[in-house]
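Just so we're aligned, residue 0 is where the sequence shown starts under numbering that gives the first Met the number 0, counting upward by one. No residue lacks a Cβ here, since even glycine has one placed at the ideal position from N, Cα and C. Here's the structure we're looking at; comments come further down.
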Amino acid sequence: MSNDAEAALIDRDAAHLVHPLHSPAGHATGKVWVGGEGAYLVDANGDRFIDGLSGLWNNTAGNGRVELADAASRQMRELAYASGYTGSSNPRAIELAERLSKITYPNINHFYFTSGGGESTDSNIKMARYYWKLRGKPEKSKVISRIWGYHGVTIAAMCCTGISPYWTMFEPRIPGFSHIPTPYPYRYEAPEGSASQGIAAADELEKAILAEGPDTVAMFIAEPVQGAGGVIVPQDDYFPRIREICDKYDVLLVSDEVITGFGRTGTMFGLEHWGVEPDLIQFAKAITSGYFPLGGIGMSDAIAEVMEESGEPWMHAYTYSAHPAGCAVALAMLDIIESEDFPGQAAAKGDRLLEGLKSALGNHPNVGDIRGLGLMCGVEYVKDRATKEPFDPKDGVGAKIHSATVERGMFSRVRGDVYCLAPPIVTSEETIDKMVEILADSTRAVLG
Ligand SMILES: Cc1ncc(COP(=O)(O)O)c(C=O)c1O
Numbered sequence: 000m001s002n003d004a005e006a007a008l009i010d011r012d013a014a015h016l017v018h019p020l021h022s023p024a025g026h027a028t029g030k031v032w033v034g035g036e037g038a039y040l041v042d043a044n045g046d047r048f049i050d051g052l053s054g055l056w057n058n059t060a061g062n063g064r065v066e067l068a069d070a071a072s073r074q075m076r077e078l079a080y081a082s083g084y085t086g087s088s089n090p091r092a093i094e095l096a097e098r099l100s101k102i103t104y105p106n107i108n109h110f111y112f113t114s115g116g117g118e119s120t121d122s123n124i125k126m127a128r129y130y131w132k133l134r135g136k137p138e139k140s141k142v143i144s145r146i147w148g149y150h151g152v153t154i155a156a157m158c159c160t161g162i163s164p165y166w167t168m169f170e171p172r173i174p175g176f177s178h179i180p181t182p183y184p185y186r187y188e189a190p191e192g193s194a195s196q197g198i199a200a201a202d203e204l205e206k207a208i209l210a211e212g213p214d215t216v217a218m219f220i221a222e223p224v225q226g227a228g229g230v231i232v233p234q235d236d237y238f239p240r241i242r243e244i245c246d247k248y249d250v251l252l253v254s255d256e257v258i259t260g261f262g263r264t265g266t267m268f269g270l271e272h273w274g275v276e277p278d279l280i281q282f283a284k285a286i287t288s289g290y291f292p293l294g295g296i297g298m299s300d301a302i303a304e305v306m307e308e309s310g311e312p313w314m315h316a317y318t319y320s321a322h323p324a325g326c327a328v329a330l331a332m333l334d335i336i337e338s339e340d341f342p343g344q345a346a347a348k349g350d351r352l353l354e355g356l357k358s359a360l361g362n363h364p365n366v367g368d369i370r371g372l373g374l375m376c377g378v379e380y381v382k383d384r385a386t387k388e389p390f391d392p393k394d395g396v397g398a399k400i401h402s403a404t405v406e407r408g409m410f411s412r413v414r415g416d417v418y419c420l421a422p423p424i425v426t427s428e429e430t431i432d433k434m435v436e437i438l439a440d441s442t443r444a445v446l447g
């Protein structure tokens, strides 16, 4: 294909298509993907690129997994769709809920399916509020989340998301949503005399609950590792302390496992790293490796029991909840995750990627922090390594480094000046090493 093939498609795209985070200027040099081969994407000019972010953190199994395509095709031929509303079900959804109850946290055994992450956030907010009403505490309705958290952009999910550019165009936000600082080991400054940085960061939650009034707070939602906010891995003592605080004030702990679920961080679910059990979980993305839009929430036995006993219908519903084809793909994907040991692979390959990045970039004067857990890593560029002073956003350093990696055959995403990497779990070791080489070359090309 000629080089003009992609440019011609971008012109047609610009005429009628509106994108997530739509920005005509940013899109003018955009890519049009026409194919995929394992951990690689192929553009309209026929060039291959390493898929540095597994699509949007979702395609852990890579492209070309015939098992997943076959599962969808088989199910669509057998039964295209059936309502999942009470009074109607399908075998794939029943099987998927059974399977999930075996692999999620031991206390999580009841599941409701959605079409993605944002719908899952909304479902958990509504679940938490309903739970407290059933428990005779209707005033417990507030939601606390974290700066740099990403939980989607439906209007309620947007209010949980702690990245302010996502709010400003659409304010006012819904009352009753607030944010605490992120534990961000590289940047969080613990008050003098704190037991540790992680404990101090977790204690921010206690302060916020007390400020709001414990009788008004329904839930705290957090990603085990913050993803879109720049791959922020918490301290080991952070989540155990968060759990204690939630228990102390009767606040539900919601683990947003939309990125961390199904092996990405080296364990099946993220909070397993710290031996913490949440009250509610949410997942999406890797449950189908992006082959079908499916997400969901999982609730603790305690919550499910209160719901069962209520005797009234839960007035929450999506047309595509428990979609038979989505559930079929998810079941085939769970076979892959288990038989190919995705958590184990992510742990080993993640170590290789992190070590590679540290040895290639660890001494660069503009690399402030290199971090990761399992197969999700972030490289944070700064103007001054000693003071951690960031570059002026106008310099667009992150965007320039990203463009340089695209020129060298790798496509991913940046959060400001943090370059994020979360390739498919099936990525070969050779390709992981190539990713390190490309990022190191690109860093030198842009920053010297
Ligand atoms: C942790 C987390 N939660 C929720 C979402 C929102 O998911 P969706 O875009 O499917 O609505 C995302 C998307 O990246 C996410 O990373």
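Counted as a single uninterrupted DSSP element, the beta strand (DSSP E) harbouring H178 occupies residues 176-179. Remark: the C-beta of V257 is in contact range of ligand 1, defined as less than 7 Å to any heavy atom. Taking every protein chain shown into account, the CB of G35 has 16 or more other CB atoms within 10 angstroms, so this residue is buried.
Note on geometry: alpha-carbon atoms of F112 and Y317 lie some 9 Å from one another.
Between the C-alpha atoms of V435 and V31 there is a straight-line separation of about 24 Å. Under the DSSP definition of a beta bridge, L209 lacks any partner.
R414 sits close to G229, with the two beta carbons spaced by under 8 Å. Per DSSP, the beta bridge partners of N62 are G37. Given a length threshold of 3 residues, each whole run of the beta strand (DSSP E) inside the segment 79-163 is given here in chain order: 107-113, 141-145. Beyond the five residues adjoining it in sequence on each side, I437 comes within less than 6 Å, by CB distance, of T404, R407, M409 in the same chain, given in chain order. Of all alpha-carbon atoms in I93, A200, V142, the one lying nearest the alpha-carbon of P180 is that of A200. Per DSSP, the continuous alpha helix (DSSP H) segment holding V435 begins and ends at 428-446. In this structure, I143 sits near V216, with a CB-CB distance shorter than 8 Å.
Not one heavy atom of ligand 1 lies closer than 7 Å to the C-beta of A329. DSSP places F169 in no beta strand (DSSP E); its state is neither H nor E. Per DSSP, reduced to three states, the secondary structure at D391 is coil, with no helix or strand assignment.
The beta carbon of L333 sits closer than 6 Å to the beta carbons of R98 from its chain, once the five residues preceding and following it are set aside; these are given in chain order. Contact between the segment 66-75 and the segment 324-338 is present: 3 or more CB-CB pairs across the two stretches fall below 8 Å.
Relative to ligand 1, the beta carbon of A221 is positioned no closer than 7 Å to any heavy atom.
Here V445 is buried: its Cβ has 16 or more other Cβ atoms, across all protein chains shown, within 10 Å.
The alpha carbon of S82 has as its nearest neighbour, out of S320, A327, L420, the alpha carbon of S320. For E308, the secondary structure class from DSSP, reduced to helix, strand or coil, is helix. Short note on A127: C-beta not closer than 7 Å to any heavy atom of ligand 1. In this structure, ligand 1 has no non-hydrogen atom nearer than 7 Å to the beta-carbon of W166. When C-beta atoms of the segment 157-165 are compared with those of the segment 305-312, fewer than three pairs fall below 8 Å, so the two segments do not count as touching. Apart from sequence neighbours up to five positions away, the residues of its chain that approach H178 with a beta-carbon distance below 8 Å are I143, S144, R145, I146, G148, G161, ordered along the chain. S72 and L95 have their C-alpha atoms roughly 17 Å apart.
Listed in chain order, the non-local C-beta contacts of R47 below 8 Å within the same chain comprise E36, Y39, L40, V41, G408, local neighbours out to five positions each way being set aside.
For I49, there is no enclosing alpha helix (DSSP H); the residue is part of the beta strand (DSSP E) that begins and ends at 47-50.
For the pair F261 and I336, the CB atoms are nearer than the 8 Å cut-off.
For the pair of segments examined, the segment 384-393 was found not to touch the segment 343-353: the number of CB pairs separated by less than 8 Å stays below three.
In this structure, ligand 1 has a non-hydrogen atom nearer than 7 Å to the beta-carbon of T120. Comparing C-alpha distances from P223 to each of M298, E243, T266 shows the shortest one belongs to T266. In the structure shown, the three-state DSSP call for Q281 is strand. As a beta-bridge residue in DSSP terms, Y380 pairs with V366. Set against 7 Å, the gap from the CB of W147 to the closest heavy atom of ligand 1 is not smaller.
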